[in-house]
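Chemist: This note's numbering puts the first residue of the sequence shown at 1, with every later residue one more than the last.
Even for Gly, the Cβ is constructed at its ideal location relative to N, Cα and C.
Quick caveat: nothing in here was measured; it's all calculated off a predicted structure.
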Amino acid sequence: MKIYDVPGFPNPLRVRIALAEKGLSDQVEFVKVDLPGGEHKEEAFLAKNPSGAVPVLELGDGLFISECTAITEYVDNLDGKPILTGATPRDKAVIHMMQKRAETELIDAVADYFHYATPGLGPKIEDGKKPTWTGRDAFGRKQGERAVAGMRYFDKVLRHQPYVAGEAFSMADITVLGGLVFAGFAKIDVPEDCAALMAWRQRVQERPSVKAA
Ligand SMILES: N[C@@H](CCC(=O)N[C@@H](CS)C(=O)NCC(=O)O)C(=O)O
Numbered sequence: 001m002k003i004y005d006v007p008g009f010p011n012p013l014r015v016r017i018a019l020a021e022k023g024l025s026d027q028v029e030f031v032k033v034d035l036p037g038g039e040h041k042e043e044a045f046l047a048k049n050p051s052g053a054v055p056v057l058e059l060g061d062g063l064f065i066s067e068c069t070a071i072t073e074y075v076d077n078l079d080g081k082p083i084l085t086g087a088t089p090r091d092k093a094v095i096h097m098m099q100k101r102a103e104t105e106l107i108d109a110v111a112d113y114f115h116y117a118t119p120g121l122g123p124k125i126e127d128g129k130k131p132t133w134t135g136r137d138a139f140g141r142k143q144g145e146r147a148v149a150g151m152r153y154f155d156k157v158l159r160h161q162p163y164v165a166g167e168a169f170s171m172a173d174i175t176v177l178g179g180l181v182f183a184g185f186a187k188i189d190v191p192e193d194c195a196a197l198m199a200w201r202q203r204v205q206e207r208p209s210v211k212a213a
């Protein structure tokens, strides 16, 4: 397996944590993509992922899989013993629901703030995005507020259960952690009163998979 990504970036981190949780990191060849240089917007990369984003998984038969959730589903089910995406219909549904909330209300909202309300990845990349849209800064700032509301939502969830989707660490936790890492990158602070969220972050950061990623 090959993964096209950038070490340290928030979405690539999600897949790297999943691989480490599954003990698969050393079975992957990582290929670094030059994001600030715009390599992900060139034809050769768009042929792998038309969305022009990392990470992308390449399988031995030449199939390319993008989206962290799809890649995580794949690596989690390779051995027939899923530990991150749910083993029962109920667990699968709850994890899917919570991870989607983590994408929409946190990591994607932070990404929009980063790309539209800050210099983001620099003019070479950002100026190509929605160039005629005059309200992009205001939209970006609104998405920053949405991300903070997302943090408050997950704080509330974590006051009553140890992990985002319930009793066990899952893909939903990985997505929330990716969201908080991206928020740090974009300089969006976690509100000081989100004690449960901060305690959870401290705990998950101690996991060997997170330290290794
Ligand atoms: N929904 C995608 C998000 C991927 C994504 O946005 N990755 C960022 C890196 S953290 C990227 O490639 N950004 C490039 C850009 O926005 O131009 C996933 O789950 O893989």
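Could you name the residues that DSSP lists as bridge partners for residue 163?
Modeler: 166
Chemist: Just to check my reading of the structure: residue 76 and residue 83 have Cβ atoms closer than 8 Å, yes? What is that Cβ distance to the nearest angstrom?
Modeler: 7 Å
Chemist: Are there 16 or more other CB atoms within 10 angstroms of the CB of residue 97, so buried, or fewer, so exposed?
Modeler: Residue 97 comes out exposed.
Chemist: Does the beta-carbon of residue 181, which I'm using as the reference point, lie nearer than 7 Å to any heavy atom of ligand 1?
Modeler: no
Chemist: Is there contact here, the segment 138–156 with the segment 194–208, by at least three beta-carbon pairs under 8 Å?
Modeler: yes
Chemist: Restricting to runs no shorter than 3 residues, where is the beta strand (DSSP E) found entirely within the segment 29–80?
Modeler: 29–32, 56–58, 64–66
Chemist: Helix, strand or coil for residue 192, going by three-state DSSP, please let me know.
Modeler: coil
Chemist: Could you spell out where the alpha helix (DSSP H) holding residue 187 opens and where it closes?
Modeler: Residue 187 -> no alpha helix (DSSP H), and no H or E assigned at all.
Chemist: Does DSSP classify residue 22 as helix, strand or coil?
Modeler: coil
Chemist: Considering only heavy atoms of ligand 1, does any lie closer than 7 Å to the CB of residue 164?
Modeler: no
Chemist: Is it buried or exposed for residue 22, if we count other Cβ within 10 angstroms and need 16 for buried?
Modeler: Flag for residue 22 reads buried.
Chemist: Looking only at DSSP bridge pairs, what is residue 4 linked to?
Modeler: 31, 56
Chemist: Work out the CA separation of residue 173 and residue 166 for me, nearest whole Å.
Modeler: Approximately 10 Å, taken between the alpha carbons.
Chemist: Closer than 7 Å: is that where the CB of residue 94 sits relative to any heavy atom of ligand 1?
Modeler: Residue 94: no, Cβ never under 7 Å from ligand 1.
Chemist: Could you tell me if the beta carbon of residue 52 falls within a distance shorter than 7 Å of some heavy atom in ligand 1?
Modeler: yes
Chemist: Rounded to whole angstroms, what's the CA-CA distance from residue 213 to residue 56? Just pull it up for me.
Modeler: 16 Å
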